[in-house]
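J.: Numbering (our numbering) for the sequence shown: 137 to 266.
This is the structure, below, for whatever I ask next.
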Amino acid sequence: MTGTVSPPPRASPLRLACPHCGLRAMSAPRKWALTAFGWEKPMPCRACGQQVEVRSFSVMRWTAPFIFFCLLASVLMAFGLIQPQLVMALAGALVIVALGGLLFGVPLHKRGRTDPQAVQRAHAARSARP
Numbered sequence: 137m138t139g140t141v142s143p144p145p146r147a148s149p150l151r152l153a154c155p156h157c158g159l160r161a162m163s164a165p166r167k168w169a170l171t172a173f174g175w176e177k178p179m180p181c182r183a184c185g186q187q188v189e190v191r192s193f194s195v196m197r198w199t200a201p202f203i204f205f206c207l208l209a210s211v212l213m214a215f216g217l218i219q220p221q222l223v224m225a226l227a228g229a230l231v232i233v234a235l236g237g238l239l240f241g242v243p244l245h246k247r248g249r250t251d252p253q254a255v256q257r258a259h260a261a262r263s264a265r266p
């Protein structure tokens, strides 16, 4: 069965593309939930159905600075060296950066081998859509 192959999808800055088929694997809120609660827990790609995961090191790379800041701020507040209002403002800014990092900086990884037939079906279904 020969036919025209659809062009590869554009890379999303949100890093939501499936490493198996290259199509969008999940929504952004689902990826946030996966980075928060599902480290190393495989989840099926919504395009091809193959397993993808978020690796724990990638998540820790973005959350470790926030955790370090919270510990440092606690010590500084305990000794009266910094005002709680400043800590809250900085923590709020860091939360936004960390959540953005989880979405933009943490890639999805393959879990298992790639099934070429599933990839072909996913691309065929994508190109059949109007």
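Where a beta carbon is used, it is the ideal one built from N, C-alpha and C, also for glycine.
Touching or not, the region 171-183 and the region 208-225, by the rule of three or more beta carbon pairs under 8 Å?
T.: No, because fewer than three Cβ pairs between the region 171-183 and the region 208-225 fall closer than 8 Å, the two stretches do not touch.
J.: Taking contact to mean at least 3 C-beta pairs separated by less than 8 Å, is the region 180-188 in contact with the region 197-207?
T.: No, because fewer than three Cβ pairs between the region 180-188 and the region 197-207 fall closer than 8 Å, the two stretches do not touch.
J.: Could you work out which residue in His259, Arg262, Lys246 is closest to Pro178 when comparing CA atoms only?
T.: Closest option to Pro178, Cα to Cα, is Lys246.
J.: Please classify Pro143 as buried or exposed, where buried requires at least 16 neighbouring CB atoms within 10 angstroms.
T.: Low local confidence applies: a pLDDT of 46 at Pro143 is under 50, so the model's placement there is unreliable, and no value is given.
J.: Would Trp198 and Gly241 qualify as a contact pair, given that the criterion is a beta-carbon distance under 7 Å?
T.: The answer is yes: Cβ separation under 7 Å.
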